[in-house]
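To start, the structure itself, in C-alpha cells.
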Amino acid sequence: MTIKPLVIGNWKMNLDFVEAVHLGQQIGVLLKNRPSEHTEIVVAPPFVDLRSVASIVDSERIPIGVAAQHVNPNDNGAHTGEVSASMLKRLGVTWVLVGHSERRSMYAMDDAAVALTLRAVVRSGLKAVLCVGEALDIREDGDHDEWVRRQLRSALDGLDERFAELVTIAYEPIWAIGTGLTADVAQVHAMMTHVRSVLTPAFKESRVLYGGSVNAENAASLVAEGRADGFLVGGASLKAESFLAIIQACDDCYALKR
Ligand code: 13P
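Okay, so the sequence shown: first residue is 23 according to the working numbering, each after it adds one.
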C-alpha cells in the first residue's frame, strides 16, 4: 500500500443534526486520544446536518473532511428540493459521493446523470467519490467485471484529465451493502486489480475503496490482502468506536507496508 488510505463514513439517512454533532464530537475525542497518523477521514452526513458538522469540525479542529451524499449537477434554478455544488462548497463541504447504488436504484440516477454529476462536482473544485458495483444476479452470472468496467468508462470517458486527482473510486457490490455479507478478500482483491486496470494512467493516484458491510473485524484483511485503499463505510460508521477501529486497521496496515 503506497497511497495513503481513506475511510469515509456514509451516514445515509440517519442522525438528525443534534445526533450528528454528537457523533462528530465523539469521533473528535477518540481521534485526540489516538490520532490517525496516515489515514484520511471523511464523514458524509445528511444534507440538513452538513452545516452543523462542518462547524464543529472547524471550531474543534477535528481532522476530518465533510462530504455530501449527493448533489444536483445544475448550478441553480428551478430544481425544487435539490442542492448545488456551490451551495455545498459554501458550507465547508469538500467531498461529494456520486452515483451511490441507492441513488441509482431508488432515485433513478442513470449512467448519464452520474457522468453529469461527476463533472459538476470536480468542476466546482470538490472531490468526488464515484461509486460503482454490481447486483447479485450480475455477480452470479460472472458479469461483474464487465459491469463495473462499463460504469467506470461511462462516468470517466471524456472527463478532462486535469480533474483526475479529484476522483476517488468506491467499489460497492450491491449484494454486500447493509447485508452483513462482505465480499471476501479474494473477490475484493480481484476487483481492486480490475478497477485499477480500467483506469487510465491519469488516475494512477486515485484511491480505490471497498464498501459493503465493512466492520472492525474484517477491515484489516480487506485492506491488507484485499488491497483496498480504504473504505466507504455505512452502518459501522454510525458508532464512533467501530468507525475508529476501521480507521485504525487502515493506519496499522499502511504503517506496516510502507
Ligand atoms: P454498509 O457498510 O452498511 O454495508 O453500507 C455500505 C455503503 O453503502 C456505504 O456507502
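All C-beta atoms in this analysis are idealised placements derived from N, C-alpha and C, irrespective of residue type, glycine included.
With a CB to CB cut of under 7 Å and the five nearest residues on each side skipped, what residues in its chain are close to Asp273? Walking along the sequence shown from the start, residue 273 turns up at place 251. So the list reads Ser58, Glu59, His60, Thr61, once near-sequence residues are dropped.
Heavy atom of ligand 1 within 7 Å of His92 beta-carbon: By 1-based counting over the sequence shown, the position of residue 92 is 70. No, the beta carbon of His92 sits no closer than 7 Å to any heavy atom of ligand 1.
Going by C-alpha to C-alpha distance, which of Tyr193, Gly252, Glu239 sits closest to Val220? Position 198 of the sequence shown, counted from the start, is the residue given in the question as residue 220. Comparing Cα-Cα distances from Val220 to each of Tyr193, Gly252, Glu239, the minimum goes to Tyr193.
Any chance the segment 116–126 sits against the segment 148–158, with 3 or more Cβ pairs inside 8 Å? With the cut-off at 8 Å, the segment 116–126 and the segment 148–158 touch.
Is Ser264 a contact residue of ligand 1, with contact defined as CB to any heavy atom under 7 Å? Indexing the sequence shown from 1 puts residue 264 at position 242. Ser264 Cβ: outside cutoff for every heavy atom of ligand 1.
Between Ala262 and the rest of its own chain, which residues show a CB-CB distance below 7 Å, the 5 nearest in sequence each way excluded? Here residue 262 is taken as the residue at index 240 of the sequence shown, counted from 1. Answer for Ala262: Leu45, Gln48, Ile49, Leu52, listed in chain order.
Which first and last residues belong to the alpha helix (DSSP H) in which Tyr129 is found? Taking the sequence shown and counting its residues from 1, the one referred to as residue 129 is at position 107. No alpha helix (DSSP H) contains Tyr129, which DSSP labels as neither H nor E.
When the Cα atoms are used, what is the spatial distance from Ala142 to Ser235? Within the sequence shown, residue 142 is the residue found at index 120, counting from 1. Within the sequence shown, residue 235 is the residue found at index 213, counting from 1. Each residue's alpha carbon lies about 29 Å from the other.
Please find out if some non-hydrogen atom of ligand 1 comes closer than 7 Å to the beta-carbon of Gly234. Here the question's residue 234 lines up with position 212 in the sequence shown. Correct: Gly234 has its Cβ closer than 7 Å to ligand 1.
Do Arg229 and Ile25 have their beta-carbon atoms positioned less than 8 Å apart in this structure? What you label residue 25 is simply residue 3 of the sequence shown in a count that begins at 1. What you label residue 229 is simply residue 207 of the sequence shown in a count that begins at 1. Cβ atoms of Ile25 and Arg229: closer than 8 Å.
CB contact flag (Ala90, Val118, <8 Å): Position 68 of the sequence shown, counted from the first residue, corresponds to residue 90. Position 96 of the sequence shown, counted from the first residue, corresponds to residue 118. In contact: Ala90 and Val118 (Cβ atoms closer than 8 Å).
Please state if the CB of His211 and the CB of Arg249 are separated by a distance shorter than 8 Å. As a first step, residue 249 must be located in the sequence shown, where it is residue number 227. As a first step, residue 211 must be located in the sequence shown, where it is residue number 189. Yes.
Answer with buried or exposed for Ala340, where buried requires no fewer than 16 other C-beta atoms within 10 angstroms of its C-beta. The chain is shown only over 23 to 280; residue 340 falls outside these bounds and no answer can be derived.
Alpha helix (DSSP H) segment containing Ile78, residue limits: Residue mapping note: residue 78 aligns to position 56 of the sequence shown, counting from 1. 72–81 is the extent of the alpha helix (DSSP H) around Ile78.
Quick one: what's Trp117 bridged to in DSSP? Translated into the one-based positions of the sequence shown, residue 117 becomes position 95. When DSSP reads this structure, Trp117 sits in a beta bridge with Ala89, Lys149.
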